[in-house]
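First comes the structure, then the notes that go with it.
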Amino acid sequence: MRRIILLNPYAAGSHAQWARGMVRECPLAAERAGVQAQFELFELPGRHWKWRMSASALALVERMGEAGALDRDVDRFIVTDMMDVGQFRSALPPRFRSVPITLYFHENQL
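Okay, so the sequence shown: first residue is 3 according to the numbering used here, each after it adds one.
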């Protein structure tokens, strides 16, 4: 079974809906494709968006550690654009630093 951790640093409004929808629907889609996948969600409250963009990675790595989520292998991390991915990777324990990270841009005003 593939283990995927989704990290949502800003759990409010459409950000929360997206993350919870992913956790609910992706395992079903994977199963239809013949793949077993377990999704785990770690979130921070939807406030202080500037802080979330600059420091949420550290808080979420700490939460994952406290919850025991880093005691087992992880196949992929999915994070949103509200997180500094470089900071996230460097904050992970060394054995997780080569795990693929998918960065989802929830809002993009380019």
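Positions of the beta carbon are idealized from the N, C-alpha and C atoms, including for glycine.
Quick caveat, the model's predicted, so the values are computed rather than measured.
Residue i versus the options, residue with shortest Cα-Cα distance
{"i": "residue 84", "options": "108, 93, 70 and 38", "result": "108"}
{"i": "residue 38", "options": "77, 91, 97 and 3", "result": "3"}
{"i": "residue 70", "options": "44, 86 and 48", "result": "44"}
{"i": "residue 41", "options": "81, 96, 94 and 7", "result": "7"}
{"i": "residue 89", "options": "97, 57, 98 and 82", "result": "57"}
Whole-Å CB distance - residue i paired with residue j, under 8 Å assumed
{"i": "residue 62", "j": "residue 9", "result": "5 Å"}
{"i": "residue 72", "j": "residue 102", "result": "Actually they are not in contact, since the Cβ atoms of residue 72 and residue 102 sit about 16 Å apart, beyond 8 Å."}
{"i": "residue 59", "j": "residue 86", "result": "5 Å"}
{"i": "residue 75", "j": "residue 26", "result": "Wrong, their Cβ atoms sit about 23 Å apart, outside the cutoff."}
{"i": "residue 48", "j": "residue 14", "result": "2 Å"}
{"i": "residue 91", "j": "residue 97", "result": "About 12 Å separates the two Cβ atoms, so there is no contact after all."}
Residues bridged to residue i (per DSSP)
{"i": "residue 4", "result": "39"}
{"i": "residue 71", "result": "Answer is none; residue 71 lacks a bridge partner."}
{"i": "residue 106", "result": "82"}
Can you find at least 3 beta carbon pairs, one from the stretch 21 to 30 and one from the stretch 61 to 70, that sit closer than 8 Å? Put simply, the stretch 21 to 30 does not touch the stretch 61 to 70. Fewer than three CB pairs are less than 8 Å apart.
Take every Cβ of the stretch 17 to 28, pair it with every Cβ of the stretch 51 to 61, and state whether three or more of those distances are shorter than 8 Å. No: the two stretches stay apart, fewer than three of their Cβ pairs being nearer than 8 Å.
For a minimum of 3 consecutive residues, which ranges assigned as the beta strand (DSSP E) are wholly contained in the stretch 35 to 65? Correct list: 39 to 47.
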